[in-house]
Ligand SMILES: Cc1cc2nc3c(=O)[nH]c(=O)nc-3n(C[C@H](O)[C@H](O)[C@H](O)COP(=O)(O)OP(=O)(O)OC[C@H]3O[C@@H](n4cnc5c(N)ncnc54)[C@H](O)[C@@H]3O)c2cc1C
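Residue numbers (the UniProt record's numbering): 1 to 368.
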């Protein structure tokens, strides 16, 4: 087996192939844009094809549910949780239902250098670190294998991540009997930015401010939760200073320039209402139009209940949420990623050529 994909658009970097290989013949290596891709060590590969058979991008049906989900508006009852969450705090309510049953949570966190990676949480303190969207592709490391070990040990597990990571996990689990204790919750995902550009951006902030980043926060509600405010408000602090600073250039690269996201996002197989997960969470964009009494400047979530398992988990977390079932058309109209993949600008390759030739400060300066 030489390469696991023909073109970059066919690999979402979920790491399921790496995780499933019994001979450790696959490693995940960053390309020149900083995205991880599988690389095969021919001397270890026995051509069993397990890696390609389970790939969520090419697997027939992409591990999606056949049924149409039920859509709910939801808001956490605690204003403190809302303030500390990206949207309406759905993740906290869902994960608390699992923690109450001595379960384990997997989600996106930072390491000490603010690299984004999936981590394991057994306490609410560890889980709280997973709150707030991190607009960078997270490194899955050995998450799938750890999840399998937890399930085999009899633990209940909640995995949260992007739709392609969720589908990758379904492929990796391959309907194992112990997967009945696994709950998968994905996000509606705009597209996923490059870890390399995130690295360069962090370095730029540190150079400009003459110190080390002490905290970072991609989304904040300091100007209130709204769609208009969702692509600004990146906050950070430097060293021991308590001064909270704001900078929107990473957002501009993500949403305005649009060239820093993974090639496969332009052909994403997971941008429809049939989800490869039990629950899907996102912002309830447009709720102020459809039902103004639900609007809250502290945030509102939409929860899609995709499977019977998802329905059971949703029932268990409702004690912490105010909820109401809503027509699916509302979110379908407002959420482009329930209808189609992200469109890349024609200038995407120019952006990366400029980056290679002139460096990060040049491309960020060019935004004007
Ligand atoms: C890259 C990305 C794109 C998104 N695009 C959209 C969109 O187009 N429309 C929309 O309505 N919502 C989108 N969301 C989801 C939204 O931003 C919130 O994450 C979601 O509503 C959950 O909010 P919450 O208040 O329930 O959770 P919070 O308490 O804020 O928890 C955040 C959750 O997101 C997960 N997460 C955070 N960063 C990552 C990451 N890098 N990779 C995988 N999982 C991560 C955490 O594990 C946790 O489960 C996106 C999120 C991400 C990470």
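In this text, a Cβ means the ideal position worked out from N, Cα and C, and glycines have one as well.
What you are looking at is a predicted structure, and each value in this text was computed from that prediction instead of being measured.
Subject >> residue 234 in three-state terms, based on DSSP >> reply: coil
Subject >> Candidates 368, 317 and 288: closest to residue 101 by CA position >> reply: 317
Original post:
Out of curiosity, what's the CA-to-CA distance linking residue 170 and residue 154?
Top reply: 18 Å
Original post:
For residue 182, which residues does DSSP report across the bridge?
Top reply: 157
Original post:
On the three-state DSSP scale, how would you describe residue 165?
Top reply: helix
Original post:
Given that a residue counts as buried once 16 or more other Cβ atoms are within 10 Å of its Cβ, and exposed if not, what is residue 56?
Top reply: buried
Original post:
Heavy atom of ligand 1 less than 7 Å from the Cβ of residue 77, yes or no?
Top reply: no
Original post:
Between the stretch 286-300 and the stretch 78-96, are three or more C-beta pairs nearer than 8 Å?
Top reply: yes
Original post:
Closest to residue 6 by CA distance: which of 37, 23 and 19 is it?
Top reply: 37
Original post:
Which one or two residues does DSSP pair with residue 245 in a beta bridge?
Top reply: 236
**OP:** Determine the direct distance from the alpha carbon of residue 151 to that of residue 94, and round the result to whole angstroms.
**Re:** 18 Å
**OP:** Pull up the CB-CB distance for residue 271 and residue 187, whole angstroms please, since I reckon it's below 8 Å.
**Re:** So it is not a contact: roughly 12 Å between Cβ atoms.
Subject >> alpha helix (DSSP H) runs wholly inside the stretch 306-337, at least 4 long, in chain order >> reply: 308-317 and 328-334
Subject >> Proximity winner among 331, 341 and 164, relative to residue 17 (alpha-carbon distances) >> reply: 164
Original post:
DSSP on residue 378, reduced to helix/strand/coil?
Top reply: Nothing can be reported for residue 378: it is not among the residues displayed for the chain, which extend from 1 to 368.
Subject >> Beta-carbon contacts of residue 59 that lie in its chain and below 7 Å, excluding the five residues immediately before and after >> reply: 171
**OP:** Check residue 173 in the structure and name its three-state DSSP category.
**Re:** helix
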